[in-house]
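Written below as structure tokens is the structure these notes are about.
Right under this line is the structure:
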């Protein structure tokens, strides 16, 4: 990752800013005027804090509610720093939607508005992982055989052939080779035939089409840009890898920072399946003797048999047959790598086949080693969690597999992110239970930082932090939450059960939807519950009910936004991905507190590890997870200054449980009530006024 040069950006020092540049406040005023807005106190406060953080090198966590204008608040000081110091600033997001907003709307307008006062036009670029770009060499090079699921489905094989053909046609027209520009898209299976991972890439110097490589062009463009927009996954790859993926930089701004830990964990998760072993053996078999390759084939077949009989869930003790099979896979993969031998002056096609084989073999070998090394350790010292994922009897897209994930990523982030760059983290949801403590600990920041208080010298011996200083601040929201919204806790309902939504919940939901005249976003803890509610209510209310899965999520949200007397029911992606300002959304209903499932392998292992160290695993893991999702779900209600409505949580534990106070403190400060009549009357008034 980008290292600081000289003294610029080091903690406790001040970067030299040329006197010729306008002040931050002047640039911010120019930017706000250019987008037709008005300065907001929270926006100004955040921009000044980001500016100060960049100058001193102290890290910053900023909670900025919807409507604050946080994008401008970090973009303006970021651009000023980049222009003044000739260094790129990296901005990382969790979602494609925010990336597109930054690159297609915010940054072009800012670049135009700030060109005159900065005496040049600021530049920006978007950078994604190599797998997101079309590989021109792979397009005409060797293709993988379809995996077993596709191989025995002639329709799937035919469809993939048509898709690869369309990709060939597109390759002659596209200027950037970005998969997201291909509309309609293609299946992952087809895209894999024309793209490569970083491990599979020959490298620009060896590839015969290296000078035309779309991924290299994107990287070169990013290296020349003031602002580089990327995603949390690529940020994690850059931190995990030995090679630099992102251009040289000294400042990272992480938007949607509430998602950072999950995204980094996902990138750091390894997967080993019989299919992956078969692919590695098939690729190797084209380059080495059958005798060596067959050892890996046989080991993979043994894994398939064992996984077909293994129950899904966390693996606490590795059964001896599985351990022996993993050792066989490890040794056979190593033997294949040895047989392929050292690099030779091959023709490009042979070099590509060799690189593809080595990539698959190394991944299989390294994951097998990682799974084997995950056992024989006390809970308090556990580093990785292993579980069986998938169902061999389900015709799903993922085969049954062994997965291995880090118990936590705090150490990685502390060393490779906070240790090397000035980092600003922001989101509408960062304070859980009223403080930054929960997320700061997951990020690897030291001490018990509270809102507006600097953490200096508060770390323990287990959290080396002599050179890590940070500040947390909440700049609030322009919304008057107590006047604009009601938080309704259905205290009178029974606790949620395991066998779907109880009749009392369905009746409560019907009454709320009827009072609101539709206009309801239903956020459910499972797709089963969402479908149950949809089926039950469609016959009992006089409004349309859309359910996630009926169509693409984007199209369903569009229909919901355009037709106010409509409800939209769904699960996790709707908890964080819906932005519907105006009268189409006046009621957000959450069926239950979204704790992780008791059998969630990673959450349960993390909870157990906390308890083994004497901590409260439930509050540290389960309640923190639930608080974050609750806050994200409640944040769907107010999206513009004129919005009003109700957030209703049907789960009575929000009002009655001991941990309810922590959860409520994580939500926006709506006016609270447990009286259903008060809520229904308020919804009827809002419906009549719309």
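Numbering (our numbering), first residue to last: 20 to 709.
All C-beta atoms, glycine included, are put in the ideal place defined by N, C-alpha and C.
{"Item": "Residue interval of the alpha helix (DSSP H) (run including residue 317)", "Value": "309-327"}
{"Item": "Coil, strand or helix - residue 392 by DSSP", "Value": "helix"}
{"Item": "CB of residue 244 within 8 Å of CB of residue 371, strictly", "Value": "no"}
{"Item": "Cβ pair residue 536, residue 706 closer than 8 Å", "Value": "yes"}
{"Item": "Residue burial classification, residue 557 (beta-carbon count within 10 angstroms, cutoff 16)", "Value": "exposed"}
{"Item": "Counted within 10 angstroms of its Cβ, other Cβ atoms place residue 45 as buried (16 or more) or exposed", "Value": "exposed"}
{"Item": "Where residue 461 sits in the DSSP three-state scheme", "Value": "helix"}
{"Item": "Cut-off 8 Å between Cβ atoms - residues of its own chain near residue 308, not counting five sequence neighbours on either side", "Value": "358"}
{"Item": "Simplified DSSP state of residue 78, which is helix, strand or coil", "Value": "strand"}
{"Item": "Under 8 Å between C-beta atoms of residue 648 and residue 678", "Value": "no"}
{"Item": "Candidates 152, 158, 157, 231, of which the one nearest residue 200 by Cα", "Value": "152"}
{"Item": "Option in 92, 157, 497, 140 with minimal Cα separation from residue 211", "Value": "157"}
{"Item": "Inter-residue Cα distance where the pair is residue 545 and residue 458", "Value": "25 Å"}
{"Item": "In DSSP terms, what residue 694 is bridged to", "Value": "None; residue 694 has no bridge partner."}
{"Item": "Within 8 Å, strictly: CB atoms of residue 96 and residue 133", "Value": "no"}
{"Item": "Cβ-heavy atom distance, residue 107 to the ligand ZN, below 7 Å", "Value": "Absence of the ligand ZN from the depicted structure is noted, as is the absence of any ligand whatsoever, leaving it without description."}
{"Item": "Min CB distance residue 686 to chain B below 8 Å", "Value": "Here chain B cannot be found, since the structure has a single protein chain."}
{"Item": "N-terminal and C-terminal residue of the alpha helix (DSSP H) that residue 616 is part of", "Value": "Run containing residue 616: none; DSSP gives neither H nor E here."}
{"Item": "As assigned by DSSP and simplified to three states, the class of residue 479", "Value": "Residue placement at residue 479 cannot be trusted, given a pLDDT of 31 that sits under 50; what the coordinates show is reported in the next sentence. Here residue 479 sits in coil by DSSP."}
{"Item": "Nearest candidate by alpha-carbon position, reference residue 93, set 110, 183, 116", "Value": "110"}
{"Item": "Cα-Cα separation between residue 675 and residue 543, rounded to whole angstroms", "Value": "20 Å"}
{"Item": "Stretch-stretch touch, CB-based, cutoff 8 Å, three pairs: the segment 494-502 with the segment 73-85", "Value": "yes"}
{"Item": "Residues that residue 425 bridges to, as DSSP identifies them", "Value": "403"}
{"Item": "C-alpha gap between residue 482 and residue 433, whole angstroms", "Value": "Low local confidence applies: a pLDDT of 43 at residue 482 is under 50, so the model's placement there is unreliable, with the coordinate-based value given in what follows. Cα-Cα distance, rounded: 9 Å."}
{"Item": "N-terminal and C-terminal residue of the beta strand (DSSP E) that residue 292 is part of", "Value": "289-292"}
{"Item": "For residue 312 and residue 646, the rounded distance between their alpha carbons", "Value": "50 Å"}
{"Item": "Three-pair Cβ contact test at 8 Å for the segment 289-299 versus the segment 251-262", "Value": "no"}
{"Item": "Cβ shell of residue 188 (< 8 Å), same chain only, five flanking positions each side left out", "Value": "none"}
{"Item": "Complete beta strand (DSSP E) runs within the segment 516-586 (minimum length 3 residues, chain order)", "Value": "539-542, 563-566"}
{"Item": "Buried versus exposed call for residue 334 [16 or more other C-beta atoms within 10 Å across all chains shown]", "Value": "buried"}
{"Item": "Limits of the unbroken beta strand (DSSP E) element including residue 268", "Value": "268-273"}
{"Item": "Beta-carbon separation (whole angstroms), residue 636 vs residue 651, contact threshold 8 Å", "Value": "That pair is no contact at about 22 Å."}
{"Item": "Continuous alpha helix (DSSP H) stretch holding residue 622: start and end", "Value": "620-631"}
{"Item": "Option in 347, 580, 600, 527 with minimal Cα separation from residue 712", "Value": "There is simply no residue 712 to check, as the chain begins at 20 and stops at 709 in what is shown."}
{"Item": "Bridge partner(s) assigned by DSSP for residue 144", "Value": "247"}
{"Item": "Buried versus exposed, by CB contacts within 10 Å (16 or more), residue 179", "Value": "buried"}
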